[in-house]
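Residues 0 to 512, numbered by numbering that gives the first Met the number 0, are exactly what the sequence shown covers, in order. Where a beta carbon is used, it is the ideal one built from N, C-alpha and C, also for glycine. Just so you know, these numbers come straight off a predicted model, no measurement behind them. Notes follow once the structure below has been shown.
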Amino acid sequence: MRYITLILLTLLALLLAACQVVTSPRLATATARAGQTPTPTPKPVVLPAPTPTLALAGAQPPDAPLQTDPNPSITVWVNETSDEHKAVLEEMADAFTEQSQIDVEMVLVSPQLLPELVNTAVLSDTLPDVILHPFEYSDGWAERGILDPAAADAAIDRIGRDTFDPDALALVDLNGQTAVIPSDGYYQLILYRTDWFEELKLAPPDNYEAMFTAAAATTDRENLRSGFVIPTESNLVTTQFTFEQIAHANGCDLIDAKGEVTIQSEACAAALDFYFRIVNQFSPIGVQTDTSTRNAYLNGRTGLIITSPDILPMIAGLDPDHPPACPKCPNNPAYLLENSGILTQLSGSGPQATPAALGRIRALGITSVADTEAAIAFADYWFNEGYPLWLSVEPERKAPMRLGTAENPTQFIDAWAQIPLGAGQPSLIDLLGAETAAQLGAGIAQTPRWGYEQGQGSLMAQVLEELIFPVVLQEMLSGYFPANQTIIELYDRVTELIPNYAYYPEPTATPDE
């Protein structure tokens with residue numbers, strides 16, 4: 000009984016404890032806070048941080064709202080890779096951005112890789128806004144929708160159509176629009192050793208006969224001296240350009256106005272035969288490049304080359320990276336310049352032979368995916384404030400295609416030959432004289448070029464991209480087939496690029512057995 004009473008008392012104590020009200024610590028804290036005076040909510044602290052440049056030029060008023068819209072931006076591909084070009088392009092980009100509030104990304108692209116990279120960019124949808132490129136690709140890229148001729152036309156009107164070389168504008172005309180904006184250009188040069196020619200009583204190599212005779216007379220295999228050196232590498236467009244000038248000199252056209260490929264003509268066959276004989280007999284053994292051609296002349300290993308004007312500062316002893324190394328050059332770095340003849344024209348030997356030069360022009364193209372307004376603004380800057388900067392780097396191969404301004408129609412072409420070839424260096428006029436310098440800058444766009452006078456610029460772009468001539472010419476020089484078979488190979492490979500080609504030659508009748 001005593002145990003039962005004890006159990007009941009214990010249960011009663013537990014019941015009384017459970018009935019008491021216990022205040023939770025969390026609830027007590029909340030209650031205490033509720034009784035306090037509320038604290039004002041603090042204002043957010045705005046920290047200065049890097050923000051995009053204001054879209055509008057000029058300082059903003061202190062009480063103006065912060066502008067956070069980014070600048071419009073464009074990407075520009077330029078077919079140059081030297082440090083000097085990189086520095087001047089960065090300077091131009093900064094100046095243009097400051098002036099227009101449009102950001103620019105300059106991309107330096109190897110000239111040899113440019114066509115392939117453009118085609119890759121089309122497939123990957125990564126085309127830039129603007130491409131500086133050889134005009135030979137312009138028509139083809141425009142017809143494929145890569146370039147926007149309407150935008151280029153608008154840019155030329157904005158800059159001043161009358162201020163450009165009219166022949167350059169005609170060269171890049173596509174169905175009544177200027178497909179691109181011609182920027183600068185140069186002549187392909189025939190360079191020869193006047194001291195050797197005088198010693199051997201040789202005529203200037205301005206025609207097939209004189210060139211062949213000189214190549215034979217100056218070749219000395221025992222002393223590793225070749226009479227004639229040109230680029231022959233199968234992956235170089237300069238291999239085609241060299242042959243194109245030789246062919247044009249004999250009246251050889253690739254295609255006529257009807258669209259018929261005429262490379263099998265007698266004039267072309269004679270030009271190819273001359274090309275094969277002079278290279279095969281008097282050039283160094285093996286494939287030649289632009290670099291090996293240049294080095295052969297600098298080292299006194301040849302007396303005759305076809306090359307670009309970028310060799311001029313080298314033969315004058317002005318380029319420390321490419322010093323002349325001929326036997327007499329150490330005592331006189333300008334010896335080669337003093338003993339070199341410069342030609343731009345060559346004549347063939349047939350009835351259609353005519354003096355032919357080859358001009359190469361570079362153009363600014365606006366792509367079909369560009370921010371058109373920003374790209375036109377950049378072109379306007381390029382051909383005005385930026386133009387003297389651009390022309391100042393390696394001016395020997397940048398004769399301006401914009402000749403001047405409305406106020407001074409010859410401003411740029413007059414100044415071009417007087418631009419120093421480098422810091423503290425002489426100009427083309429200083430090196431060559433005013434007459435020769437003027438000749439190197441005049442009429443570049445008038446030189447005949449395969450396909451363009453006939454309205455076949457798109458085909459020519461394909462021929463270059465496929466490297467048809469460099470490949471076939473190298474195959475010929477390597478002995479895969481003779482010159483007469485080479486003509487057929489060239490004809491077949493060019494006509495394969497032309498859809499529905501309708502001018503195949505009539506088959507020759509086979510005599511009865």
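Using 8 angstroms for Cβ pairs, my map puts R401 next to F163. What's the rounded Cβ distance?
5 angstroms
Inter-residue spacing [alpha-carbon to alpha-carbon] between I158 and L496
37 angstroms
Beta-carbon proximity check, P394 vs W415, cutoff 8 angstroms:
yes
Neighbourhood of P408 by C-beta, 6 angstroms cutoff - its chain only, sequence neighbours within 5 removed
none
Where in the segment 394-470 do unbroken runs of the alpha helix (DSSP H), each at least 4 residues long, occur, reported from the N-terminal end onward?
410-415, 427-431, 433-440 and 456-464
Between Y274 and the rest of its own chain, which residues show a CB-CB distance below 7 angstroms, the 5 nearest in sequence each way excluded?
F242 and I245
Candidates G340, H247, L297 and S457: closest to T353 by CA position:
H247
Reduced DSSP secondary structure (H/G/I, E/B, other) of I101
coil
In the DSSP output, what is A355 paired with across the bridge?
L345
Run through the DSSP bridge pairs and tell me what T366 is partnered with.
L146
Got a sec, what are the start and stop residues for the beta strand (DSSP E) H247 sits in?
Taken as a continuous stretch (DSSP letters only), H247 belongs to no beta strand (DSSP E), being part of the alpha helix (DSSP H) at V236 to H247.
Kindly indicate the opening and closing residues of the beta strand (DSSP E) around T74.
S72 to V77
Is it true that the CB of M91 sits closer than 8 angstroms to the CB of W389?
yes
Can you tell which of L476, C251, T485 and P165 has its C-alpha closest to the C-alpha of T231?
L476
Work out the CA separation of A202 and E434 for me, nearest whole Å.
21 angstroms
Assuming F227 contacts V278 (C-beta within less than 8 angstroms), just tell me the rounded distance between them.
7 angstroms
For D205 and V103, I'd like the C-alpha separation in whole angstroms.
46 angstroms
Sequence-distant residues of its chain with Cβ nearer than 7 angstroms to G316 (five each side left out):
P322, P323, P332 and A333
What residues match up with I497 in a beta bridge as DSSP calls it?
I497 pairs with nothing; no bridge assigned.
Closer than 8 angstroms by C-beta to Q461: which residues in its own chain qualify, once you throw out the five before and the five after it? Chain order, please.
G139 and L496
Going by alpha carbons, who is nearest to D413 out of P387, Y479, V392 and M313?
P387
One or two residues paired with I360 in a DSSP bridge:
G184
Got a sec? Which residues, its chain only, sit under 6 angstroms from D252 by beta carbon, not counting five neighbours each side?
T261
Can you tell me which of T212, A266, S367 and G250 puts its alpha carbon nearest to the alpha carbon of A356?
G250
Is the beta carbon of Y191 less than 8 angstroms from the beta carbon of G302?
yes
Spell out the partners DSSP gives L173 in its beta bridges.
Q176
Determine the burial state of E265: buried for a count of at least 16 other Cβ atoms within 10 Å of its Cβ, exposed for fewer.
exposed
If you follow the alpha helix (DSSP H) that T217 is part of, which residue opens it and which one closes it?
Y207 to T217
Taking 7 angstroms as the limit between beta carbons, can you name the residues of its chain near E135, skipping five residues before and five after?
M459, A460 and L463
Per DSSP, what kind of secondary structure is H132 in: helix, strand or coil?
strand
I'd like the span of the beta strand (DSSP E) that includes L303, first residue to last.
L303 to T306
Nearest-angstrom Cα separation, counted from V470 out to T237:
12 angstroms
Does the pairing of the segment 143-154 with the segment 371-380 give three or more beta-carbon distances under 8 angstroms?
yes
What's the gap between the Cα of G144 and the Cα of Y207?
41 angstroms
What is the DSSP secondary structure of L168, counted as helix, strand or coil?
helix
In whole angstroms, what separates the C-alpha of I314 from that of P110?
23 angstroms
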